[in-house]
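S.K.: For reference, the structure I am asking about is given below.
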Amino acid sequence: MSALLSLRGVERSFGGLRAVDGASFEVEAGTVHGLIGPNGAGKTTLINLVSGLLAPTGGSIHLSGRAIGGLAPPRIAALGVARTFQNIRLFPELTARDNVLVGQHLRRHPSLLARLLLLRSARDEAQAARERAAALLARVGLPGRVDEQARHLSYGEQRRVEIARALASQPSLLLLDEPTAGMNPVEVQGVAALIRQVAAEGHSVLLVEHNVRLVMDVCDRITVLNFGKVIAEGTPAAVAADPAVITAYLGSER
Numbered sequence: 004m005s006a007l008l009s010l011r012g013v014e015r016s017f018g019g020l021r022a023v024d025g026a027s028f029e030v031e032a033g034t035v036h037g038l039i040g041p042n043g044a045g046k047t048t049l050i051n052l053v054s055g056l057l058a059p060t061g062g063s064i065h066l067s068g069r070a071i072g073g074l075a076p077p078r079i080a081a082l083g084v085a086r087t088f089q090n091i092r093l094f095p096e097l098t099a100r101d102n103v104l105v106g107q108h109l110r111r112h113p114s115l116l117a118r119l120l121l122l123r124s125a126r127d128e129a130q131a132a133r134e135r136a137a138a139l140l141a142r143v144g145l146p147g148r149v150d151e152q153a154r155h156l157s158y159g160e161q162r163r164v165e166i167a168r169a170l171a172s173q174p175s176l177l178l179l180d181e182p183t184a185g186m187n188p189v190e191v192q193g194v195a196a197l198i199r200q201v202a203a204e205g206h207s208v209l210l211v212e213h214n215v216r217l218v219m220d221v222c223d224r225i226t227v228l229n230f231g232k233v234i235a236e237g238t239p240a241a242v243a244a245d246p247a248v249i250t251a252y253l254g255s256e257r
């Protein structure tokens with residue numbers, strides 16, 4: 004295995020607050036890597052740094068050996084990074100299929116002239132894109148909701164559409180920020196199976212999730228943040244038994 008994503012001494016400050024404080028870890032190719040910690044630990048800030056929504060104030064971030072810290076989100080996405088958000092960010096008036104089509108824009112290359120003239124090549128490419136979008140929605144468990152407006156879908160179904168949209172760009176690294184928030188236990192199990200499938204197909208996943216049982220079930224390795232610092236890293240079993248992790252989540256006895 005080789006490191007697809009590498010963080011070395013990454014920092015991000017907001018005025019006097021250091022939200023990420025010297026974080027270092029690696030995500031290996033083809034694995035599911037969990038990122039956990041108490042509320043306010045800096046998990047979403049770190050995801051924002053990797054995806055380009057924020058620029059680091061210190062340290063380095065490399066994707067396949069290339070420095071990406073501080074690059075704009077479109078450039079990082081073009082290099083193979085896709086993400087979902089803690090708060091759902093779909094286009095509510097668009098159908099589920101059209102939301103997923105938006106995620107394909109980096110992989111579609113019909114010329115403007117071909118589209119304006121409605122050439123056969125442009126029509127064929129558009130139809131193929133629609134079929135890929137439908138296939139992705141079926142893959143995340145929504146085969147019958149393809150033409151439903153996103154605003155009419157349940158909260159859990161909207162989460163699934165977000166995952167399908169992220170997969171539409173064919174990423175090498177998928178960043179999932181609380182993907183099971185608002186889901187019932189059956190839906191959570193479906194997402195767990197999907198995450199395993201995505202990793203088995205060769206993608207890497209960096210998973211931020213409060214459902215610790217899910218993290219323990221699907222992750223190959225886990226990094227634990229607390230107050231912006233990495234306090235533990237290792238296999239699920241090793242992390243679960245780490246005294247620093249137990250203290251961070253449960254507190255220590257006086």
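Heads up, the sequence shown is in my numbering, so the first residue is 4 and it goes up one at a time. Built from N, CA and C at the ideal position, the CB exists for glycine as well. Quick caveat, the model's predicted, so the values are computed rather than measured.
1. Quick test of your reading: Leu178 and Val164, contact by CB under 8 Å. State the CB separation rounded to the nearest angstrom.
2. Which complete alpha helix (DSSP H) runs does the stretch 131-193 hold, if anything under 4 residues is left out?
3. Taking Tyr252 as the reference, give the member of Ser63, Pro41, Ala137, Asp127 with the closest Cα.
4. Would you mind stating whether Thr60 and Arg11 have Cβ atoms separated by less than 9 Å?
5. For Asn229, which residues does DSSP report across the bridge?
6. Rounded to the nearest angstrom, how far is the Cβ of Leu156 from that of Ala99, given a contact under 8 Å?
7. Could you give the first and the last residue of the continuous alpha helix (DSSP H) run that contains Asp101?
8. Here's the rule: buried if 16 or more other CB atoms are within 10 angstroms of the residue's CB, otherwise exposed. What is Ala195?
9. Can you tell me which of Val191, His108, Cys222, Leu228 puts its alpha carbon nearest to the alpha carbon of Leu170?
10. Excluding sequence positions up to five away, which residues of its chain have a Cβ less than 6 Å from the Cβ of Met219?
11. In this structure, how does DSSP classify Ala70 when only helix, strand and coil are distinguished?
12. Nearest to Ala32 by alpha carbon, out of Ala44, Leu38, Ser67?
13. Helix, strand or coil, according to DSSP, for Ser36 in the structure here?
14. Between the stretch 125-134 and the stretch 180-190, do at least 3 Cβ pairs fall closer than 8 Å?
15. By the three-class DSSP mapping on this structure, what secondary structure does Asp223 have?
16. Beta-carbon within less than 8 Å of Met4's beta-carbon, same chain only, minus the 5 sequence neighbours each way: which residues are those?
M.R.: Result, derived from the coordinates:
1. Within the sequence shown, numbered from 1, the residue matching residue 178 stands at position 175. Within the sequence shown, numbered from 1, the residue matching residue 164 stands at position 161. In this structure Leu178 is not in contact with Val164, their Cβ atoms being roughly 16 Å apart against a cut-off of 8 Å.
2. Runs found: 158-170.
3. As a position in the sequence shown, residue 252 is number 249, starting the count at 1. Taking only the C-alpha atoms, the option nearest Tyr252 is Pro41.
4. Counting from 1 along the sequence shown, the entry for residue 60 is found at position 57. Counting from 1 along the sequence shown, the entry for residue 11 is found at position 8. Contact: no.
5. Here residue 229 refers to the residue found at position 226 of the sequence shown. Paired residue(s): Lys232.
6. Looking up residue 156 in the sequence shown gives position 153. Looking up residue 99 in the sequence shown gives position 96. For Leu156 against Ala99, the beta-carbon gap comes to about 7 Å, under 8 Å, which counts as contact.
7. As a first step, residue 101 is located in the sequence shown; it is residue number 98 there, counting from the start. Residues 99-105.
8. On the sequence shown, position 192 is the one that residue 195 refers to. By the 10 Å Cβ count, Ala195 comes out buried.
9. In the sequence shown, counting from the first residue as 1, residue 170 sits at position 167. Between Leu170 and the set Val191, His108, Cys222, Leu228, the nearest pair of CA atoms involves His108.
10. Within the sequence shown, residue 219 is the residue found at index 216, counting from 1. Counting only Cβ-Cβ distances below 6 Å, and skipping sequence neighbours, we find Pro239.
11. Position 67 of the sequence shown, counted from the start, is the residue given in the question as residue 70. DSSP, read as helix, strand or coil, puts Ala70 in strand.
12. Along the sequence shown, one-based indexing puts residue 32 at 29. Out of Ala44, Leu38, Ser67, Ser67 has the C-alpha closest to the C-alpha of Ala32.
13. Taking the first residue of the sequence shown as 1, we reach residue 36 at position 33. The question names Ser, but residue 36 is His in the sequence shown. Strand at His36.
14. Result no; under three Cβ-Cβ pairs closer than 8 Å.
15. Numbered from 1 along the sequence shown, position 220 holds the residue referred to as residue 223. Coil.
16. Here residue 4 corresponds to residue number 1 of the sequence shown, with the count starting at 1. Caution applies to Met4, whose pLDDT of 47 falls short of 50 and renders its modelled position unreliable; the model cannot decide the point.
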